[in-house]
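Some notes on the structure that comes next.
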Amino acid sequence: VQLQAFGGGLVQPGGSLRLSCVASGSIFSISRMGWYRQAPGKQREQVAFVTSAGSSNYADSAKGRFTISRDNAKNTVYLQMNSLKPEDTAVYYCNFRHRLGFDYWGQGTQVTVSS
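Here's what the structure looks like:
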């Protein structure tokens, strides 16, 4: 499985962005799809994920502002980000976790929130 992320960019505080991550290959054995981010000088952190059963989980920093969704027919996971803050600035990585516990990673897409 190869992952390709899209949708990053420069946005003003309070703005919105929608990230997409498309998987090539079968996602039959994928247990969950999600997003991580890494800001300069910080560790990579989980932002949100959605399981194969459709349940989602969010980091506290994302709750109420971000929404994760998936389209199995398109092998795609989305992250709708609203009310963006400067502290959301980071490289965002999509992550697909195999049922056996190993991860696939996308290449990362830069999100910059600045006026």
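Numbering (my numbering), first residue to last: 22 to 136.
The beta-carbon is built from N, C-alpha and C at its ideal position, and this holds for glycine as well.
Check: Bridge-paired residues (DSSP) for residue 51; Outcome: 119
Check: Residue 127 classed as buried or exposed, judged by whether at least 16 other C-beta atoms fall within 10 angstroms; Outcome: buried
Check: Whole beta strand (DSSP E) elements within the region 70–121, 3-residue minimum; Outcome: 77–79, 87–92, 97–102, 111–119
Check: 7 Å Cβ shell around residue 111 - same chain, five flanking residues per side excluded; Outcome: 58, 59, 60, 132
Check: C-beta contact flag for residue 87 and residue 68 at 9 Å; Outcome: yes
Check: C-beta atoms of residue 24 and residue 44 nearer than 9 Å; Outcome: yes
Check: Same chain only: Cβ atoms within 7 Å of residue 137, ignoring 5 sequence neighbours per side; Outcome: As displayed, the chain neither begins before 22 nor continues past 136, which places residue 137 out of reach and without an answer.
Check: Euclidean distance between Cα positions of residue 118 and residue 103; Outcome: 25 Å
Check: C-alpha gap between residue 92 and residue 62, whole angstroms; Outcome: 33 Å
Check: Three-state secondary structure (DSSP) of residue 14; Outcome: There is simply no residue 14 to check, as the chain begins at 22 and stops at 136 in what is shown.
Check: 8 Å contact criterion, which residue 55 and residue 96 should meet: CB distance rounded; Outcome: At roughly 15 Å, the Cβ-Cβ gap does not stay under 8 Å, so residue 55 and residue 96 are not in contact.
Check: First and last residue of the uninterrupted beta strand (DSSP E) at residue 131; Outcome: 130–134
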